[in-house]
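*Asks:* Numbering (my numbering), first residue to last: 1 to 285.
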């Protein structure tokens, strides 16, 4: 069974990748996830300053994960001088470098990491409802690289189709849809206060957000010439097929690995050929 797919000219041996987050936060973690057979890897989001992540920062249940995660806790210099060069040397699958957040951040970061990346994923988690700034960010990145640029779509963006159109118009290649949803909150009755998170606010991801993710993937995939990577709620090979059917060319998963264990990547990929055959597909494409 042919599991290969292609995203903006990059060949993947299969469509499953980890999403940006705590499981891809350093060299050892990334190499371990790569060993599970994924088609490509994405780094935790790198920015110009290390994040100060409050602890605890993750709460998991059967069908969702709540998190107060930010971007990488490591300084960019650690990625530039140590982690990314080692990944470039030893990784045998495509490497997507996740960066955040502003055009000023891109001015500083892209020239430093360009040689190590096969593609870029840009987090828009802290962009407000004015999507015009997305075009300026793409413009800035394009000054320093011809490699594929994927902009990550946050579910609070009011017009996802226009978001994707702007990305394409300004020279971007694709959309990663979607980011975690929020703000949300959990209350601890014993302490009579928010369970965790700065000011009590956290973000939700995992299987519970899959219907929203499918809808937004379907919306942005209508934009001609845009490549879509689906993310949000995947926990089975059937879920992968659903995302492919609504327009995604590949998918990312992270929350289910936090809930059910990292070996879920291997288990899903093992079951994928049989699932394709069950539903009458000859290949991923």
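No residue lacks a Cβ here, since even glycine has one placed at the ideal position from N, Cα and C. The model shown is predicted, which means the values in this text are computed figures rather than measured ones.
In its own chain, which residues sit with a C-beta less than 8 Å from the C-beta of residue 78, not counting the 5 before and 5 after it?
*Replies:* Within the chain shown, residue 78 is the residue found at index 78, counting from 1. So the list is empty, once near-sequence residues are dropped.
*Asks:* Using only the alpha-carbon positions, how far apart do residue 291 and residue 203 sit?
*Replies:* Because residue 291 is not part of the residues shown, which for the chain are 1 to 285, the question remains open.
*Asks:* Could you check where the alpha helix (DSSP H) with residue 155 kicks off and where it finishes?
*Replies:* Within the chain shown, the letter at position 155 stands for residue 155. First-last for residue 155: undefined, no H or E at that position.
*Asks:* Measure the Cβ-Cβ separation of residue 23 and residue 254 and say whether it is below 8 Å.
*Replies:* Along the chain shown, one-based indexing puts residue 23 at 23. Along the chain shown, one-based indexing puts residue 254 at 254. Cβ distance < 8 Å, so residue 23 and residue 254 count as in contact.
*Asks:* I think residue 176 touches residue 210, with their Cβ atoms under 8 Å apart; what is that distance to the nearest whole Å?
*Replies:* Here residue 176 refers to the residue found at position 176 of the chain shown. Here residue 210 refers to the residue found at position 210 of the chain shown. With a Cβ gap of about 15 Å, residue 176 and residue 210 do not count as contacting.
*Asks:* Give the DSSP bridge partners of residue 60, in chain order.
*Replies:* Here the question's residue 60 lines up with position 60 in the chain shown. DSSP lists 65 as the beta-bridge partner residues of residue 60.
*Asks:* What span of residues does the alpha helix (DSSP H) with residue 238 cover, start to end?
*Replies:* The residue you call residue 238 lines up with position 238 of the chain shown. Looking at the DSSP string, the run of the alpha helix (DSSP H) that includes residue 238 is 237-245.
*Asks:* Assess, as a yes-or-no matter, whether the stretch 82-89 is touched by the stretch 104-121 under the definition of 3 or more beta carbon pairs within less than 8 Å.
*Replies:* At 8 Å Cβ cutoff, the stretches touch.
*Asks:* DSSP state of residue 76, grouped into three classes?
*Replies:* Against the chain shown, residue 76 aligns to sequence position 76. Note: residue 76 maps to helix in three-state DSSP.
*Asks:* Where DSSP assigns a beta bridge to residue 252, which residues make up the other side?
*Replies:* Residue numbering aside, residue 252 sits at position 252 when the chain shown is read from its first letter. For residue 252, which the question treats as bridged, DSSP gives the partners 17 and 231.
*Asks:* Name the DSSP bridge partner or partners of residue 47?
*Replies:* Here the question's residue 47 lines up with position 47 in the chain shown. Paired residue(s): none; residue 47 is not in a bridge.
*Asks:* Does residue 119 come out as helix, strand or coil in the three-state DSSP assignment?
*Replies:* What you label residue 119 is simply residue 119 of the chain shown in a count that begins at 1. Strand, per DSSP.
*Asks:* With distances taken from CA atoms, which of 70, 247 and 264 is nearest residue 5?
*Replies:* Numbered from 1 along the chain shown, position 5 holds the residue referred to as residue 5. Scanning 70, 247 and 264 for the CA closest to the CA of residue 5 turns up 247.
*Asks:* Whole angstroms is fine: what's the gap from residue 252's alpha carbon to residue 230's?
*Replies:* Along the chain shown, read from residue 1 onward, the residue named residue 252 stands at position 252. Along the chain shown, read from residue 1 onward, the residue named residue 230 stands at position 230. Each residue's alpha carbon lies about 6 Å from the other.
*Asks:* Measure the CB-CB distance between residue 213 and residue 178 and report whether it falls below 8 Å.
*Replies:* Counting from one through the chain shown, the residue named residue 213 turns up at place 213. Counting from one through the chain shown, the residue named residue 178 turns up at place 178. Cβ atoms of residue 213 and residue 178: closer than 8 Å.
*Asks:* What are the boundary residues of the beta strand (DSSP E) that residue 12 is part of?
*Replies:* Residue 12 sits at position 12 when you count from the first residue of the chain shown. Its beta strand (DSSP E) spans residues 10-12.
*Asks:* Determine contact between the stretch 143-157 and the stretch 190-203, defined as no fewer than three beta-carbon pairs at a distance below 8 Å.
*Replies:* no
*Asks:* Return the CA-CA distance between residue 278 and residue 226, expressed in angstroms with no decimal places.
*Replies:* By one-based count along the chain shown, residue 278 stands at place 278. By one-based count along the chain shown, residue 226 stands at place 226. Spanning the two alpha carbons is a distance of roughly 29 Å.
*Asks:* Out of 51, 54, 48 and 29, which one is the CA nearest neighbour of residue 42?
*Replies:* The sequence position of residue 42 within the chain shown is 42, counting from 1. Checked all of 51, 54, 48 and 29; the closest Cα to residue 42 is 29.
*Asks:* Roughly how many angstroms separate the alpha carbons of residue 107 and residue 133, rounded to a whole number?
*Replies:* Position 107 of the chain shown, counted from the first residue, corresponds to residue 107. Position 133 of the chain shown, counted from the first residue, corresponds to residue 133. Roughly 14 Å separates the two Cα atoms.
*Asks:* Please classify residue 181: does DSSP put it in a helix, a strand, or coil?
*Replies:* Here residue 181 is taken as the residue at index 181 of the chain shown, counted from 1. The three-state reading of DSSP puts residue 181 in strand, counting E and B together.
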